[in-house]
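Report on one structure; see the data block that follows.
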Amino acid sequence: SRLRPADRERLLYRLSELIADHEAELSALETLQSGKLQAIARMIDVGAGAEFVRYMAGWATKIEGQTLDPSIPGPLGTRYFTYTRREAVGVVGAIVPWNFPLAIALWKVAPALAAGCTVVLKPAEETPLTALRLAELAIDAGFPPGVLNVVCGRGAIVGAALARHPGLDKISFTGSTTVGRGIGHAAVDNMTRFTLELGGKSPLIVLDDADPQQAAAGAAMGIFFNQGQVCTAGSRIYVQRRIFDKTVQAMAQVAEGMKVGSGFDPNTQLGPVVSKRHFERVMDYIDSARGEHATAVTGGGRALESGYFVQPTIFVGTSPSMRIEREEVFGPVAVAVPFDDVEDAIRMANDTPYGLAASVWSQNLSAVHRIVP
Numbered sequence: 136s137r138l139r140p141a142d143r144e145r146l147l148y149r150l151s152e153l154i155a156d157h158e159a160e161l162s163a164l165e166t167l168q169s170g171k172l173q174a175i176a177r178m179i180d181v182g183a184g185a186e187f188v189r190y191m192a193g194w195a196t197k198i199e200g201q202t203l204d205p206s207i208p209g210p211l212g213t214r215y216f217t218y219t220r221r222e223a224v225g226v227v228g229a230i231v232p233w234n235f236p237l238a239i240a241l242w243k244v245a246p247a248l249a250a251g252c253t254v255v256l257k258p259a260e261e262t263p264l265t266a267l268r269l270a271e272l273a274i275d276a277g278f279p280p281g282v283l284n285v286v287c288g289r290g291a292i293v294g295a296a297l298a299r300h301p302g303l304d305k306i307s308f309t310g311s312t313t314v315g316r317g318i319g320h321a322a323v324d325n326m327t328r329f330t331l332e333l334g335g336k337s338p339l340i341v342l343d344d345a346d347p348q349q350a351a352a353g354a355a356m357g358i359f360f361n362q363g364q365v366c367t368a369g370s371r372i373y374v375q376r377r378i379f380d381k382t383v384q385a386m387a388q389v390a391e392g393m394k395v396g397s398g399f400d401p402n403t404q405l406g407p408v409v410s411k412r413h414f415e416r417v418m419d420y421i422d423s424a425r426g427e428h429a430t431a432v433t434g435g436g437r438a439l440e441s442g443y444f445v446q447p448t449i450f451v452g453t454s455p456s457m458r459i460e461r462e463e464v465f466g467p468v469a470v471a472v473p474f475d476d477v478e479d480a481i482r483m484a485n486d487t488p489y490g491l492a493a494s495v496w497s498q499n500l501s502a503v504h505r506i507v508p
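Each step along the sequence shown adds one to the number in my numbering, with nothing skipped, and position 297 is 432.
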């Protein structure tokens with residue numbers, strides 16, 4: 136970068152201020168393009184996003200190297216010094232998903248700009264609006280043209296072309312495992328550094344000393360937040376058998392009491408999923424579960440007559456071979472599975488190719504630490 140670290144720090148601070156100043160506009164764009172609740176857009180995409188940019192601004196002047204006095208002798212007894220210097224990697228390709236478009240864009244853009252890199256930002260085809268507005272705010276903050284660039288279009292065309300581009304020095308991708316695998320292959324072909332943050336099928340384990348009502352409320356938040364369109368959503372819920380029925384019933388009560396509607400309605404608790412294509416994908420998983428004789432304790436259908444609203448859904452009677460239990464649905468759909476022995480719960484929780492997150496509910500901290508050492 137031609138900008139001094141102190142200049143990058145100043146510009147990032149200014150960008151964070153502009154994001155916060157435009158909270159109403161940016162949160163409205165988030166809801167318009169994705170359907171998410173205004174409260175979530177304000178809290179995460181805009182509020183936490185601005186705070187993150189502010190945090191990364193401070194790092195622009197804290198990047199430092201290291202100097203060592205080596206112990207390996209040089210030829211003819213000469214001395215030499217060894218040092219490292221951290222330099223900007225170059226041009227960063229940032230490919231972001233549609234569930235938290237602004238927040239995840241900022242998680243990628245702010246560190247790159249702090250380090251002195253330039254960025255080519257590719258938003259999801261469903262949610263380009265806040266990325267385009269972010270680029271305008273970066274110019275308003277004083278970043279030179281060409282430092283933050285946005286390219287829009289279908290992932291299969293524009294995203295794939297970006298991932299294959301030999302001019303990139305680094306790729307950062309957040310999205311599905313299938314797409315991430317293809318991006319990884321494209322990056323390897325060009326020997327481009329890459330970072331992937333992919334899908335999840337996160338387990339939630341409830342031990343029988345937990346309060347069923349509290350555990351149910353937490354589990355409901357874990358899977359129904361943002362319509363379940365969260366990579367760390369707790370979509371596999373393992374409950375010790377003694378409190379299984381009570382916990383599942385309490386979860387069903389939470390689900391059935393949720394207000395479904397527009398993300399602009401402050402009383403709404405569950406908005407629409409992002410698109411018709413994704414609505415059909417989620418409903419296909421629900422139909423598949425029913426076809427394999429799983430039982431929907433609650434939900435399992437369209438929530439409203441119009442729009443892409445999915446009822447908050449909980450299945451029981453599933454098996455590890457079913458798609459609904461093994462694959463990421465990315466919607467407000469969970470499976471609840473009973474267990475007797477804690478070792479069985481650990482085994483089932485780990486029986487997945489996914490990672491990302493897990494949680495344990497118990498009033499006994501020692502029991503939790505035996506599961507999560």
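The beta-carbon is built from N, C-alpha and C at its ideal position, and this holds for glycine as well. As the structure is a computational prediction, the values presented were derived from the model and not from experiment.
Short of 6 angstroms in beta carbon distance, which residues of its chain neighbour residue i, apart from the five on each side in sequence? Order them along the chain.
i	result
I372	L339, A354, A469, A471
E271	none
N485	none
G396	T403
V282	T253
L203	T217
I378	D343, P347
G310	P232
P301	N325
Y148	A192
A92	Shown here, the chain extends from 136 to 508; a query on residue 92 therefore has no answer.
D304	V224, G225, V226
Among the options, which one has its Cα closest to the Cα of residue i?
i	options	result
S456	I449, Q446, T487	T487
H413	A387, G398, G442, D180	G442
S101	A438, D479, L264, M386	The structure shown does not extend to residue 101, since the chain spans only 136 to 508, so no value can be given for it.
G466	R482, P447, S454	P447
G200	T453, T217, A387, G398	T217
P279	G302, R505, L150	L150
E156	A195, M191, A223, D275	The question names Glu, but residue 156 in the sequence shown is Asp. Considering only alpha carbons, the answer is D275.
F444	G426, M418, R425	M418
V503	A345, E460, R268	A345
A438	V409, L405, E463	L405
A295	A321, A273, L147	A321
L510	V285, G193, K411, L333	Lying before the first or after the last residue shown, residue 510 is absent from the chain, which here runs from 136 to 508.
A163	V374, R268, V408, E478	R268
K171	H428, F360, Q388, V477	F360
R299	C287, M326, R289, N284	M326
A387	A352, M483, E158	A352
V389	E463, C287, I358	I358
E460	H428, S501, K394, G288	H428
K197	Q375, P246, E462, R376	P246
A183	A238, L297, R289, D400	A238
R458	R416, D479, D475	R416
By the 10 Å Cβ neighbour count, where 16 or more other Cβ atoms means buried, how is residue i classified, buried or exposed?
i	result
I306	buried
S497	buried
T382	buried
S206	exposed
V323	exposed
E160	exposed
P210	exposed
N234	buried
T453	buried
M356	exposed
T166	buried
P508	exposed
E463	buried
G398	buried
P401	exposed
Quick one: residues in its chain with C-beta nearer than 8 angstroms to the C-beta of residue i, no 5 flanking neighbours on either side, listed in chain order?
i	result
G319	F329, L331
A431	I421, A424, R425, T448, I449, F450
L153	L272, D275, A276
Determine, for residue i, whether the minimum Cβ-Cβ distance to residues of chain B falls below 8 angstroms.
i	result
S307	The chain labelled as chain B is not found in the depicted structure, where only one protein chain is given.
Within the same chain, show all residues whose beta-carbon is closer than 7 angstroms to that of residue i, passing over the 5 residues directly before and after it, in chain order.
i	result
E391	T433
A350	V341, T382, W496
W242	F187
R143	S136, A195, L248, A249, G251
I506	I340, V477, I481, V495
S410	E261, Y443
A185	S151, I154, A155
The region 306-316 touching the region 219-234, judged by at least three CB pairs closer than 8 angstroms: yes
Contained alpha helix (DSSP H) runs [length at least 4] in the region 206-262, N- to C-terminal order: 236-250
Inter-stretch contact at 8 angstroms, needing at least 3 Cβ pairs: the region 332-347 / the region 355-374: yes
Length-filtered (3 minimum) beta strand (DSSP E) runs lying within the region 355-393: 371-375
Given 8 angstroms, three or more beta-carbon pairs between the region 161-179 and the region 245-257: Output reads no: the region 245-257 does not touch the region 161-179.
4-residue-minimum alpha helix (DSSP H) runs that sit fully inside the region 138-209, ordered along the chain: 140-156, 158-169, 184-194
Segments assigned alpha helix (DSSP H), at least 4 residues, entirely inside the region 439-471: 458-461
Minimum length 3: unbroken beta strand (DSSP E) runs contained in the region 272-355: Taking 3 residues as the shortest admissible run, the region 272-355 contains the following complete beta strand (DSSP E) segments, listed from N- to C-terminal end: 283-285, 305-309, 328-332, 338-341.
Minimum length 4: unbroken alpha helix (DSSP H) runs contained in the region 468-507: With a minimum length of 4 residues, the continuous alpha helix (DSSP H) runs that stay inside the region 468-507 are 477-485, 500-506.
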